[in-house]
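**Student:** Read in order, the letters of the sequence shown are residues 1 to 395 in the UniProt record's numbering. Ideal Cβ positions, reconstructed from N, Cα and C, are used throughout, including at glycine. On a predicted model such as this, the values are computed, not experimentally measured, just so you know.
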Amino acid sequence: YIKLKNQLKQCVRSATDTWLESNLFWNRKVQVTAGTVLVSKHLVREDLGITNVLFLFNSFLQLNILPSFGFLFDIDGVLVRGKTPIPAAKTAFQKLVNSQGQFLVPVVFVTNAGNCLRQKKADQLSHLLGDFSVVEDLVMSHSPLRMFKRYHEKCVLVSGQGPLLDIARDLGFCQPITIETLREKHPLLDVVDHDRRPNVLVSIFFSVVLFGEPVRWETNLQLIIDVLLTSGYPGNPYHHENYPHIPVLACNMDLMFGHGTFMVCLENIYKKITGKDLKYEVLMGKPSKLTYQYAEYLIRAQAAERQWKQPIQTLYAVGDNLMTDVYGANLYNRYLEENSRKASAAAAHCRSVLVCTGVYNPHAEVPLDTRENHIVPDVDAAVDLVFQLENFAPN
């Protein structure tokens, strides 16, 4: 900073003999890198008056060179449409990624997808948008399950689609069992088909993990209910004292595009049988607070790895869905503001940025909690807007 200050003084003095040093006000918060001084040498021209010189210097000093913010990008409808990249996404990432394939600001991708491995989703995204690695910066609907280590060593029943066992093991679960495996071993699954009644009982389940919407609802609903009613011992008789039930961890409760409707069916069947509410140990995926907390954790980890010393003050959640992206960001912003004194390490704000390239319908009625902070045509415009709001100049 002292070196920059001295060089700027020399530039100003050479511009006019009437320069008074006391007229220049220095911004002591500016953070300087080696390349900054090189830029400053070209700010003064002989044809500029002292007022314009001061304006240029002041504008220069107001620019933030190190990021104090981070991006949370939705994927489908924002960066890609199906398997086709949205044109604005490639333009946006040319502004976000340097020649070494590194992000110039903290970036995390947050999607409610959950029926594939994180590595596969990251590879697809990198292939579509550019040659950079995003696997460590990708939050899927089930990603926060990595934090629930108390369940990782125990036997868990998993429901959903895709390579469930691989997904569960990648998240840290050591003993996952699928609905199909349970169906094959459970003697009372199909009481009229004696050929499908092997006399083998599965071990006790300590929890149920709902990764996503299953293909065969009837089988999944029946067996999950059996496990819940028997406290993890399928085949045992149901007793009213088996409450509260074993923990249920659920991902992506979105009613429109997630498996929220399956969860509603499960809740109502359980309520009809027991007269009590099915309670979730945790809900994750947008718009849940847990997903945004996990995404912020990755933002901070990325900033620390790059040795960016500026505290992350603001998160910008860029998405196309009012009920998940915007609503989730607004809920998390409320949480941050209400807990600002308790969690000094957390960001101060989470701002929602709505893009018009996905499922957003401008003619739909908007509930108060789903009103965006900003609306832009596409993700490229979103990046430009945030850079402007933050006075950010990538080095």
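Starting from T91 and walking both ways along the alpha helix (DSSP H), at which residues does that stretch end?
**Tutor:** Counting along the chain, the alpha helix (DSSP H) containing T91 begins and ends at 87-96.
**Student:** In three-state terms, what does DSSP make of T84?
**Tutor:** Correct three-state label for T84: strand.
**Student:** Among A317, E337, E338, whose alpha-carbon lies nearest the alpha-carbon of residue 398?
**Tutor:** Since the first residue shown for the chain is 1 and the last is 395, residue 398 is missing from the structure and cannot be characterised.
**Student:** Could you give the first and the last residue of the continuous beta strand (DSSP E) run that contains E263?
**Tutor:** As written in the sequence, residue 263 is Met, which differs from the Glu given in the question. Not the beta strand (DSSP E): M263 falls in the alpha helix (DSSP H), residues 260-274.
**Student:** Between D137 and V107, which are expected to be in contact by the criterion C-beta below 8 Å, what is the C-beta distance as a whole number of angstroms?
**Tutor:** Yes, D137 and V107 are in contact; Cβ-Cβ is about 6 Å, under 8 Å.
**Student:** In angstroms, rounded to a whole number, what distance separates the CA positions of G101 and Q94?
**Tutor:** So the two alpha carbons sit approximately 10 Å from each other.
**Student:** Less than 8 Å separating the beta-carbons of D320 and V134?
**Tutor:** For D320 and V134, no; Cβs fall outside 8 Å.
**Student:** Quick one: Cα of V355 to Cα of I224, how far?
**Tutor:** Their backbone Cα atoms lie some 38 Å apart in a straight line.
**Student:** Which residue's Cα is closest to the Cα of Q161: T178, R150, D170?
**Tutor:** It is T178.
**Student:** In the structure shown, what three-state DSSP assignment does M284 receive?
**Tutor:** Three-state result, M284: strand.
**Student:** Determine the direct distance from the alpha carbon of G258 to that of S99, and round the result to whole angstroms.
**Tutor:** Between S99 and G258, the C-alpha separation is close to 37 Å.
**Student:** My guess is that R351 and N339 are in contact by the Cβ rule of under 8 Å, so how many angstroms apart are they, rounded?
**Tutor:** No, R351 and N339 are not in contact; Cβ-Cβ is about 17 Å, not under 8 Å.
**Student:** Where does T18 land, buried or exposed, given buried means 16+ other C-beta within 10 angstroms?
**Tutor:** Only weak support is given to the placement of T18: the predicted model assigns it a pLDDT of 38, under 50, and the question is left unresolved by the model.
**Student:** Per DSSP, what kind of secondary structure is Y316 in: helix, strand or coil?
**Tutor:** Reduced to three states, the DSSP call for Y316 is strand.
**Student:** Going by DSSP, which residues form a beta bridge with R351?
**Tutor:** Looking at the DSSP assignment, R351 forms a beta bridge with Y316.
**Student:** Quick one: is E337 buried, meaning 16 or more other Cβ sit within 10 Å of its Cβ, or exposed?
**Tutor:** By the neighbour-count rule (16 or more Cβ atoms within 10 Å), E337 is not buried but exposed.
**Student:** How do the segment 246-260 and the segment 207-218 stand: do at least 3 beta-carbon pairs fall below 8 Å, yes or no?
**Tutor:** Result yes; three or more Cβ-Cβ pairs closer than 8 Å.
**Student:** Would C155 pass as a contact of F205 if the rule is Cβ separation under 8 Å?
**Tutor:** In contact: C155 and F205 (Cβ atoms closer than 8 Å).
**Student:** Does T324 pass the burial test, meaning 16 or more other C-beta atoms within 10 Å, or should it be called exposed?
**Tutor:** Buried: at least 16 other Cβ atoms inside 10 Å.
**Student:** Apart from the five residues just before and just after H240, which ones in its own chain have a Cβ nearer than 7 Å to its Cβ?
**Tutor:** For H240, where only same-chain residues beyond five positions count, there are no Cβ hits under 7 Å.
**Student:** DSSP three-state call for P144: helix, strand or coil?
**Tutor:** If DSSP states are grouped into helix, strand and coil, P144 belongs with the helices.
**Student:** The beta strand (DSSP E) with H239 in it runs from where to where?
**Tutor:** Premise fails: H239 is in no beta strand (DSSP E) and is neither H nor E.
**Student:** Distance, Cα to Cα, L145 vs N236?
**Tutor:** The straight-line gap from Cα to Cα measures roughly 29 Å.
**Student:** Tell me which residues share the same chain as T230 and place their Cβ nearer than 8 Å to its Cβ, disregarding the 5 neighbours each side in the sequence.
**Tutor:** Excluding residues within five positions, the ones whose Cβ falls inside 8 Å are N236, P237, Y238, N242.
**Student:** Relative to the alpha-carbon of E180, which residue among F262, T219, S207 has its alpha-carbon at the smallest distance?
**Tutor:** E180 has its Cα closest to that of T219, out of F262, T219, S207.
**Student:** Terminal residues of the continuous alpha helix (DSSP H) containing V208?
**Tutor:** Not the alpha helix (DSSP H): V208 falls in the beta strand (DSSP E), residues 207-210.
**Student:** Between V110 and K286, is the Cβ-Cβ spacing less than 8 Å?
**Tutor:** Yes. Within cutoff.
**Student:** DSSP three-state label for V374, please.
**Tutor:** According to the sequence as given, residue 374 is His; it is not Val. Three-state DSSP puts H374 in a strand.
**Student:** Which term fits Q302, buried or exposed, when burial requires 16 or more other beta carbons within 10 angstroms of its beta carbon?
**Tutor:** The residue is buried, with at least 16 neighbouring Cβ atoms inside 10 Å.
**Student:** Would DSSP call Q124 helix, strand or coil?
**Tutor:** Helix, per DSSP.
**Student:** Where does A34 sit, in a helix, a strand or coil, going by DSSP?
**Tutor:** The pLDDT assigned to A34 is 32, lower than 50, so where the model puts this residue is not dependable; a value taken from the coordinates is nonetheless given after this. In the structure shown, A34 sits in a helix (DSSP, three-state: H, G or I).
**Student:** Could you pull the start and end residues of the beta strand (DSSP E) that F71 belongs to?
**Tutor:** Looking at the DSSP string, the run of the beta strand (DSSP E) that includes F71 is 69-73.
**Student:** Can you tell me whether A250 is helix, strand or coil according to DSSP?
**Tutor:** In this structure, A250 counts as strand in the three-state DSSP scheme.
**Student:** Along the alpha helix (DSSP H) that carries I65, what are the first and last residues, could you check?
**Tutor:** It is not in any alpha helix (DSSP H) - I65 carries neither H nor E in the DSSP assignment.
**Student:** Run through DSSP, which three-state label would L79 get?
**Tutor:** Looking at L79 - three-state DSSP - the assignment turns out to be coil, as it is neither helix nor strand.
**Student:** Taking C-beta to C-beta, are K289 and L331 nearer than 8 Å?
**Tutor:** Taking 8 Å as the Cβ cut-off, K289 and L331 qualify as a contacting pair.
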